[in-house]
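Per the UniProt record's numbering, the sequence shown starts with residue 1, numbered consecutively.
By construction, the Cβ of each residue, glycine as well, lies at the ideal position given by its N, Cα and C atoms.
Remember, predicted model here, so these are calculated numbers, not experimental data.
Scroll down for the structure; my scribbles are underneath it.
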Amino acid sequence: MPRGAEALDLPVRNRASALSLGPRRRNAMAHLDSEVKEECLREDLKFYFMNPCEKYRARHQIPWKLGLQILKIVMVTTQLVRFGLSNQLVVAFKEENTVAFKYLFLKGYSGIDEDNYSCSVYTQEDAYESIFYVINQYHRLKNVSLGTLNYGEEEENKIGLKVCKQYYKKRTVFPANETLNIDSNIETDCMHLDLQALSSPQDWKSSPFFRLEFYRLLQVEISFHLRGIDLQTILSRELPDCYIFQNTIIFDNKAHSGKIKIYLDSDAHIEECKEVNISGSVQKNTQYVLVFDAFVIVICLASLILCTRSIVLALSLRKRFLNFFLEKYKRRVCDADQWEFINGWYVLVIISDLMTIIGSILKMEIKVKNLTNYDLCSILLGTSTLLVWVGVIRYLGYFQKYNVLILTMQASLPKVLRFCACAGMIYLGYTFCGWIVLGPYHNKFVALNTVSECLFSLINGDDMFATFAQIQQKSIMVWLFSRLYLYSFISLFIYMILSLFIALITDSYDTIKKYQQNGFPETDLQEFLKGCSGREEYQTEPSAFLSCICCLRRKGSDDHLILTN
């Protein structure tokens, strides 16, 4: 071949050689890019599963969430204690007024209720005297009451009391020959007595309205409203509460058994006091409390935002890991590994923060007397404080000895729930059986809720002898059945079911202890994280300020004790 031709052929061969090397280079670059992505994903996963102290040592990331949780525990607990003391005053004032009303308006009240009613009468004369006694005491209220009470207006803006009686429309009973003629329709007749009418007792006592036909009388109901002021809150440097007491006294004769049961129900409502002028530091103290509650809301809002952000980042990281695993290994990640990305402690903190924010807003409204729902506010604040303190277990779980409790609960929970579902069927069977058979003869079995409470107490060994002894021996068959019922229940639940329940938890505890000694079973996620070069490469010398924190002084050799999620 001529030299000119060889010179022309050389570039062609070089270009062919370059084209043949192109796919290899591209594959090498793609492989290198895949390894870089894998290493970045592994490092991000490793960093995600670190505890706050390790994250600081790795990247000097200040543990804001940890600091906020510690501050929130102090703030929320302080808020709860202050509100609890205030709520105790409210509940005590309501209960003391209810007791005072029973002594004021119920003739012959002994101070101890009879079952679920206050007292009872057995003759017509006692019934009339008890009804008239209520009306007279209402008229003489300001002269006999020791409290700050005054008359309140009814629904129709009237001051006075309302007396209503219910009776069968028509009824004729002849016990001698066991005949009965009755019209089951119920008639209601009411009479309103104002203060002017009450000043003439002879007039309203002689009214035909108070001629009661006891053979067809169902009940007599006396209702009236009273106003009161709770002055003891001033001693706690709080604004006083004004109350409206809706009192209802019922003389129940539905059974027609010769015994009329007397009930007193007092429903208290808090309203804003009008034209309250209080000198001193009460108003200033109220402003301080409102500022404190606002600061609690800000702290909880910051904690809520940080925890929500962490969950969103965790879900994004989980999506990256699932896509990578599916792309490289051609299979899905198991459900257990997927749930590792959902930090249940963050969910717990978010629920706690939401309840604290709502409860704090209600507390501020109660403080300025715009709302009066103490019960809802106490439920929200109490539950949120419970969740906050339960969340402390998360930080104790970073150490092996404390982490045993958490891991044991996690391992035993599914088995315990399945066991409780089976045992619950037996428990419900005993509950219904005890209610229907022993209900008429035993005070602890009169209702389904009391039966359940009684049986639960028996499981824990409480009040056993009293439960056996209080059964009425009116029917020898029922008495024998009660012995068989109680002995079988106690033997079955204490000696068998409760022992199996404890054995399930003990078995889970033993399993966790063996895993901690011999190593936990490795999942796909943990095997993937093994490829990381280790935590030690992150560790740098902490700042002088944070070096005083004990968790930062832990040796790296102890890091294998820390378990994920």
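Simplified DSSP assignment, three categories, for residue 533: The predicted model places residue 533 with a pLDDT of 46, which falls under 50 and marks its position as unreliable; any figure quoted below should be read in that light. Reduced to three states, the DSSP call for residue 533 is coil.
Does the count of Cβ pairs from the region 414 to 426 and the region 502 to 515 closer than 8 Å reach three? yes
Helix, strand or coil for residue 569 per DSSP? Nothing in the structure corresponds to residue 569, since the chain is present only between 1 and 565.
Within 8 Å, do at least three Cβ pairs link the region 329 to 349 to the region 310 to 319? yes
One question on the structure: do residue 169 and residue 183 come within less than 8 Å of each other, judged by their Cβ atoms? yes
Distance check for residue 476 and residue 405, CA to CA, integer angstroms please. 50 Å
Suppose the cutoff is 6 Å on Cβ atoms and the five residues either side in sequence are ignored; what does the same chain contact list for residue 127 look like? 121 and 260
Could you give the distance in angstroms between the alpha-carbon of residue 221 and the alpha-carbon of residue 268? 18 Å
How should residue 537 be labelled, buried or exposed, when 16 other C-beta atoms within 10 angstroms of its C-beta is the threshold for buried? Annotation note: pLDDT 45 at residue 537 (below 50); position unreliable, coordinate value reported separately. Flag for residue 537 reads exposed.
Quick check on residue 142: does DSSP put it in helix, strand or coil? helix
Using three-state DSSP, classify residue 495 as helix, strand or coil. helix
Under the DSSP definition of a beta bridge, which residues are partnered with residue 247? 224 and 266
Taking the beta strand (DSSP E) that residue 121 belongs to, which residues open and close that run? 119 to 121
My output table needs one value for residue 111: the three-state DSSP class, helix, strand or coil. coil
The beta strand (DSSP E) that contains residue 601, what's its start and end? Outside the modelled stretch of the chain, which goes from 1 to 565, sits residue 601, for which no answer is possible.
Relative to the alpha-carbon of residue 215, which residue among 334, 333 and 254 has its alpha-carbon at the smallest distance? 254
Coil, strand or helix - residue 463 by DSSP: coil
Round the Cβ separation of residue 573 and residue 481 to the nearest angstrom and send it over; I've been treating them as touching at under 8 Å. The displayed coordinates of the chain run from 1 to 565. Any statement about residue 573 would go beyond what the structure contains.
Looking at residue 589: is its Cβ nearer than 8 Å to the Cβ of residue 486? Within the shown structure, residues of the chain are numbered from 1 to 565, placing residue 589 beyond reach of any answer.
Who are the near neighbours of residue 474 in its chain, counting only those whose CB is closer than 8 Å to its CB and skipping five residues on each side? 441
Can you tell me whether residue 409 is helix, strand or coil according to DSSP? helix
From the DSSP output, which residues share a beta bridge with residue 473? Its beta-bridge partners do not exist; DSSP assigns none.
Bridge partner(s) assigned by DSSP for residue 230: 241
Taking the continuous beta strand (DSSP E) assigned at residue 381, which residues delimit it? That residue, residue 381, is in no beta strand (DSSP E); its alpha helix (DSSP H) goes 374 to 390.
Beta-carbon proximity list for residue 567, same chain, < 6 Å, skipping 5 on both sides: Because the chain here runs from 1 to 565, residue 567 falls outside it and cannot be looked at.
Rounded Cβ spacing between residue 162 and residue 209 (contact assumed at less than 8 Å): That pair is no contact at about 12 Å.
How many Å lie between residue 273 and residue 362 at the Cα? 18 Å
Proximal residues to residue 77 (C-beta, below 7 Å), its chain only, five neighbours per side dropped: 385
In three-state DSSP terms, what is residue 416? helix
When the Cβ atoms of the region 320 to 338 are set against those of the region 81 to 97, are three or more pairs found closer than 8 Å? no
Three or more C-beta pairs closer than 8 Å, one from the region 242 to 257 and one from the region 191 to 203: is that the case here? no
Using the C-alpha atoms, what's the distance from residue 292 back to residue 286? 10 Å
Cutoff 6 Å; reference residue 139; Cβ partners in own chain excluding five residues on either side: 198
Would you list the one or two residues that DSSP bridges to residue 190? 164
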